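Engineer: The structure is given below, and queries will be raised subsequently.
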Amino acid sequence: MEKYLEIEKGIITTYRKRIYRKFRKAIEDYHMIKDGDKIAVCISGGKDSMLMAKCFQEFQKHGNLKFDLVFLVMNPGYDKENLELIKSNSKLLNIPIEIFDSDIFKIIENSIDDSPCFLCAKMRRGVLYGQAEKLGCNKIALGHHFDDAIETLLLNIFYGGEVKTMMPKLHSDHFNLELIRPMFYVKEDDIISWRDSNHLTFLDCACKFSKEKAEEDSKRLEIKKIIQDLRHKSKYADTSIFHSMSNVNLNAMIGWTKDKQNYSFLDEYDLKK
99 MEKYLEIEKG
109 IITTYRKRIY
119 RKFRKAIEDY
129 HMIKDGDKIA
139 VCISGGKDSM
149 LMAKCFQEFQ
159 KHGNLKFDLV
169 FLVMNPGYDK
179 ENLELIKSNS
189 KLLNIPIEIF
199 DSDIFKIIEN
209 SIDDSPCFLC
219 AKMRRGVLYG
229 QAEKLGCNKI
239 ALGHHFDDAI
249 ETLLLNIFYG
259 GEVKTMMPKL
269 HSDHFNLELI
279 RPMFYVKEDD
289 IISWRDSNHL
299 TFLDCACKFS
309 KEKAEEDSKR
319 LEIKKIIQDL
329 RHKSKYADTS
339 IFHSMSNVNL
349 NAMIGWTKDK
359 QNYSFLDEYD
369 LKK
């Protein structure tokens, strides 16, 4: 049996409960896919997006919905070794990728921005949206997972002074596209387990500038460590954080924002006498 067939079998057997079932459940819970969709599955070369691509292939084979997939890889300026790793992994996993070039890394390296990772992510998103639209896609899929969601929530609380998280899907403000995150329920530890059990090696962030600038003092790394400590104290801590994102009691919030409009509990306070 070829390697990719073994990996596909493992996704719907060994990792059915921890990965594939959660992938499908997120799609169903948040109504991410409809018949006739054409989805740009965005592959960075990392473990999350590569696994997402395989889950999409399995869902397309075994699900009841009829939709098309484009496996999109943006080359923002990878060196030859990193680009070859993406190509070889895609071949090994039987993922028919489409690669297109951009000069994002070059722009980031010449920028004086103090947040290169944020700027890079923002620019990548815009370029990916544009390419997906050119290919006739109506949706774009990113590989953000359970841990990304709760880390984003805590990052915004600790460093942004607001309660805001990563959404499982949202409409683009500038493109006629919808972004979906079908890995939303999948935990990073399970993705790592899948990677290691299959003896796979994937690309990490390949931007040398961002590594030198932010790797050791990354705020997200700090949050990861905090969540890990909480998990050691309570195995349900991360799940409680995740559930809090959809269990907001507005009667016990001092203020909130919706559609750029600010609201306060005082707006209706006296009306409740």
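The working numbering puts the first residue of the sequence shown at 99, with every later residue one more than the last.
Just so you know, even glycine gets a beta-carbon here, dropped at the ideal spot from N, CA and C.
Because the structure is a prediction, the values reported are computed rather than measured.
Report the residue from L364, D199, C218 whose alpha carbon sits nearest the alpha carbon of I206.
Structural biologist: That would be C218, whose Cα lies nearest to the Cα of I206.
Engineer: Identify the continuous beta strand (DSSP E) that holds G353 and give its terminal residues.
Structural biologist: 353-356
Engineer: Taking DSSP as the reference, what is the three-state secondary structure of K136?
Structural biologist: Reduced to three states, the DSSP call for K136 is strand.
Engineer: So, using beta-carbon positions, are L163 and I137 closer together than 8 Å?
Structural biologist: No, the Cβ-Cβ distance between L163 and I137 is not below 8 Å.
Engineer: Using alpha carbons as the reference points, say which of G143, A247, I109, K152 lies closest to I197.
Structural biologist: G143
Engineer: Leaving aside the five residues before and after T112 along the sequence, list all residues of the same chain whose C-beta is less than 8 Å from its C-beta, in chain order.
Structural biologist: S295
Engineer: Give the straight-line distance between the Cα atoms of N360 and I339, rounded to the nearest whole angstrom.
Structural biologist: 24 Å
Engineer: By alpha-carbon positions, which one of H272, E156, K317, R114 ends up nearest to L103?
Structural biologist: E156
Engineer: Among the residues of its own chain, which have a CB less than 7 Å from the CB of D146, if the five just before and after it don't count?
Structural biologist: G241, H243, M281, I289
Engineer: If you measure between the beta carbons of L149 and A230, is that distance less than 8 Å?
Structural biologist: no
Engineer: Which residue or residues does DSSP assign as beta-bridge partners of K267?
Structural biologist: I278
Engineer: Under 6 Å Cβ to Cβ from E313, same chain only, skipping five residues before and after it: list those, please.
Structural biologist: Below a pLDDT of 50, predicted positions are generally treated as unreliable, and E313, at 48, falls in that range; no measurement from the model is reported.
Engineer: Which residue's Cα is closest to the Cα of Y367: E320, I352, G134?
Structural biologist: I352
Engineer: Assign T263 to one of two classes, buried (16 or more other C-beta atoms within 10 Å of its C-beta) or exposed (fewer than that).
Structural biologist: buried
Engineer: Classify A124: buried if its beta carbon has 16 or more other beta carbons within 10 angstroms, exposed otherwise.
Structural biologist: Counting the other CB atoms within 10 Å of its CB gives A124 a total of 16 or more, which places it among the buried residues.
Engineer: What's the C-alpha gap between E310 and C235?
Structural biologist: Reliability of the predicted coordinates at E310 is poor, the pLDDT of 49 falling under 50, and the value obtained from them is presented with this limitation in mind. Taking the straight line joining both Cα atoms gives about 36 Å.
Engineer: Between F216, K120, L251, which has its C-alpha nearest S342's C-alpha?
Structural biologist: L251
Engineer: Name the two residues that bound the continuous beta strand (DSSP E) containing Y102.
Structural biologist: Unbroken run through Y102 is the alpha helix (DSSP H), 101-110; no beta strand (DSSP E).
Engineer: Shortest alpha-carbon distance to K232 belongs to which of D246, N208, G258, N274?
Structural biologist: N274
Engineer: Please say whether I109 and K446 have beta carbons closer to each other than 8 Å?
Structural biologist: For residue 446 there is no data in the structure shown, the boundaries of the chain being 99 and 371.
Engineer: Relative to the C-alpha of F300, which candidate in L369, K185, P266, A239 has its C-alpha closest?
Structural biologist: Looking from the CA of F300, the closest CA among L369, K185, P266, A239 belongs to K185.
Engineer: Do the CB positions of K132 and Y283 come within less than 8 Å of each other?
Structural biologist: no
Engineer: Going by beta carbon distance, what residues of the same chain come within less than 7 Å of P174, once the five residues before and after it are set aside?
Structural biologist: S200, I202, F203, R222
Engineer: Quick one, are the C-beta atoms of V225 and M172 less than 8 Å apart?
Structural biologist: yes
Engineer: Would you please state the rounded distance, in angstroms, between the beta carbons of S270 and Y227? I believe it to be under 8 Å.
Structural biologist: 6 Å
Engineer: Specify, as a first and last residue, the run of the beta strand (DSSP E) that F198 falls within.
Structural biologist: 195-199
Engineer: Taking the alpha-carbon of C215 as reference, which of I105, K370, S316, F165 has the nearest alpha-carbon?
Structural biologist: It is S316.
Engineer: For the beta strand (DSSP E) that A239 lies in, which residues bound it at each end?
Structural biologist: 237-239
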